[in-house]
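Take a look at the structure set out below.
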Amino acid sequence: MRDGVTPRRPLARRTLKAVGLCVLGYTVFWLTSALGVLAVSAWAGEHAPEDGELAGIRHFQQVDDRVWRGSAPSEAGYRALVAHGIHTVVDLRAEDLGAAALAQPKRAGLHVVRMPIRDGQTPDGRQVDRFLRVVADARGPVFVHCGAGVGRTGSMTAAYLVRTGQATPRQAALRTVAVGPPSLEQIYYVLSADRDASRQPPSVVSLVSRLADAPRRIKASL
16 MRDGVTPRRP LARRTLKAVG LCVLGYTVFW LTSALGVLAV SAWAGEHAPE DGELAGIRHF
76 QQVDDRVWRG SAPSEAGYRA LVAHGIHTVV DLRAEDLGAA ALAQPKRAGL HVVRMPIRDG
136 QTPDGRQVDR FLRVVADARG PVFVHCGAGV GRTGSMTAAY LVRTGQATPR QAALRTVAVG
196 PPSLEQIYYV LSADRDASRQ PPSVVSLVSR LADAPRRIKA SL
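Heads up: the sequence shown runs through residues 16 to 237, numbered per this note's numbering.
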């Protein structure tokens with residue numbers, strides 16, 4: 016110290032060290048959570064039926080005799096759905112979609128119901144109730160999708176299976192992770208589901224999940 020002035024270099028070093036430790040801690044946390052979910056998803060996938068095949072749709076699977084699930088269809092995928100006997104589509108994407116993309120299912124002759132859910136997050140109780148009504152009222156099977164057909168789609172179909180008594184939360188969770196790795200809050204959401212209601216995860220679970228899922232969501236938005 017000279018003339019009562021504290022040297023700034025040690026403070027800068029301490030700040031840099033603290034930032035480095037935060038980055039290292041986040042990296043370890045992210046790797047642990049990501050690898051854990053990937054491992055569970057890979058294990059569940061080995062014990063699950065293979066995805067069906069439909070042109071222009073990935074992860075195309077039958078949930079039950081009323082519901083099919085998969086990724087966002089291409090234009091050919093929408094036409095394939097009609098040929099498959101499906102005329103109602105539930106779109107869970109909250110992303111900004113251009114007019115051309117929004118017009119594709121209507122051009123194919125499909126009735127579209129939009130229930131926007133942000134990537135990595137879960138449907139609220141009103142959305143699940145609405146989905147149940149759409150399925151009950153539809154003339155024929157319903158196809159539900161998000162972007163990749165994994166997390167949001169899995170959360171909705173898992174809630175549907177539990178609410179209709181066709182699966183326990185554990186069974187629904189295994190079916191969900193078998194398709195692909197969902198976010199931590201989506202896993203929590205499915206495991207905590209019950210037949211009476213669909214509840215959002217606690218704030219702390221959502222916060223941890225979104226921190227772990229941030230790199231994937233940033234990459235998906237680019």
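Built from N, CA and C at the ideal position, the CB exists for glycine as well.
Only a predicted model underlies this, so the values are computations on that prediction, with no experimental measurement involved.
Subject >> For Arg158, the residue or residues it bridges with in DSSP >> reply: Residue numbering aside, residue 158 sits at position 143 when the sequence shown is read from its first letter. The displayed chain sequence assigns Phe, not Arg, to residue 158. Checking the DSSP bridge columns, you'll see Phe158 partnered with Trp83 and Val104.
Original post:
Measuring CA to CA, which of Met130, Gly71 and Gln76 is closest to Glu110?
Top reply: Numbered from 1 along the sequence shown, position 95 holds the residue referred to as residue 110. Taking only the C-alpha atoms, the option nearest Glu110 is Met130.
Original post:
Where does Gln142 land, buried or exposed, given buried means 16+ other C-beta within 10 angstroms?
Top reply: If you number the sequence shown from 1, residue 142 lands on position 127. The residue is buried, with at least 16 neighbouring Cβ atoms inside 10 Å.
**OP:** With DSSP as the reference, please indicate the residues paired to Leu226 in a beta bridge.
**Re:** Locating residue 226 in the sequence shown gives position 211, where the first residue counts as 1. Partner residues in a beta bridge of Leu226, as assigned by DSSP, do not exist.
Original post:
Beta carbon of Gly155, beta carbon of His102: below 9 Å?
Top reply: Position 140 of the sequence shown, counted from the start, is the residue given in the question as residue 155. Position 87 of the sequence shown, counted from the start, is the residue given in the question as residue 102. The beta carbons of Gly155 and His102 sit closer together than 9 Å.
Subject >> Where the beta strand (DSSP E) containing Gly67 begins and where it ends >> reply: The residue labelled residue 67 in the question sits at position 52 within the sequence shown. Bounds of the beta strand (DSSP E) holding Gly67 are Gly67 to Leu69.
**OP:** Quick one: using the 10 Å Cβ neighbour count with 16 as the cut-off for buried, is Leu96 buried or exposed?
**Re:** Position 81 of the sequence shown holds residue 96. Buried, since its Cβ has 16 or more Cβ neighbours within 10 Å.
Original post:
Would you report the Cα separation of Pro313 and Met171, rounded to the nearest angstrom?
Top reply: In this structure the chain extends from 16 to 237, so residue 313 is not present and cannot be described.
Subject >> Rounded straight-line distance, which links the Cα of Val223 to that of Val104 >> reply: Start at 1 with the first residue of the sequence shown, and residue 104 comes out as number 89. Start at 1 with the first residue of the sequence shown, and residue 223 comes out as number 208. The straight-line gap from Cα to Cα measures roughly 32 Å.
**OP:** Alpha carbon to alpha carbon, how far is Pro197 from Gln215? Give it in angstroms, no decimals.
**Re:** Mapped onto the sequence shown, residue 215 falls at position 200. Mapped onto the sequence shown, residue 197 falls at position 182. One C-alpha to the other measures close to 15 Å.
Subject >> Terminal residues of the beta strand (DSSP E) in which Pro216 lies >> reply: The residue given as residue 216 occupies position 201 in the sequence shown. Taken as a continuous stretch (DSSP letters only), Pro216 belongs to no beta strand (DSSP E), as it is neither H nor E.
**OP:** From the DSSP output, read off the bridge partner residues of Val128.
**Re:** The sequence position of residue 128 within the sequence shown is 113, counting from 1. For Val128, the pairing in a beta bridge is given by DSSP as Val105.
Original post:
Three-state secondary structure (DSSP) at Arg73?
Top reply: The count along the sequence shown starts at 1 and reaches residue 73 at position 58. Strand at Arg73.
Original post:
Below 8 Å, can you find three or more Cβ-Cβ pairs linking the stretch 121-129 to the stretch 224-235?
Top reply: When Cβ pairs closer than 8 Å are counted between the two stretches, the stretch 121-129 is seen not to touch the stretch 224-235, the count staying below three.
Original post:
Once you ignore the five residues that flank Asp79 on each side, which residues in its own chain have a CB closer than 7 Å to its CB?
Top reply: Translated into positions along the sequence shown, residue 79 becomes position 64. Only Gln181 meet the Cβ criterion.
Original post:
With distances taken from CA atoms, which of Leu69, Leu107 and Arg190 is nearest His160?
Top reply: Sequence index remark: in the sequence shown, residue 160 carries index 145 (1-based). Nearest in C-alpha terms to His160, of all of Leu69, Leu107 and Arg190, is Leu107.
Original post:
Which ranges would you report for the alpha helix (DSSP H) in the stretch 156-196 if only whole runs of at least 4 residues count?
Top reply: Residue ranges of uninterrupted alpha helix (DSSP H) with 4 or more members, entirely inside the stretch 156-196 and ordered along the chain, are 166-178 and 184-194.
**OP:** Look at the alpha carbon of Arg210 and the alpha carbon of Ala114, and state the distance between them as a whole number of angstroms.
**Re:** Taking the sequence shown and counting its residues from 1, one reaches residue 210 at position 195. Taking the sequence shown and counting its residues from 1, one reaches residue 114 at position 99. Approximately 37 Å between the Cα atoms of the pair.
**OP:** Go through its chain and collect everything with a Cβ distance to Val157's Cβ below 8 Å, but skip five positions before and after it.
**Re:** Counting from 1 along the sequence shown, the entry for residue 157 is found at position 142. Within the same chain, Val157 has close Cβ partners Arg81, Val82, Trp83, Ile101, Thr103, Val104, Val105, Val149 and Val150.
Original post:
Is Arg94 buried or exposed, if buried means 16 or more other CB atoms sit within 10 Å of its CB?
Top reply: Stepping through the sequence shown from its first residue, residue 94 is reached at position 79. The residue is buried, with at least 16 neighbouring Cβ atoms inside 10 Å.
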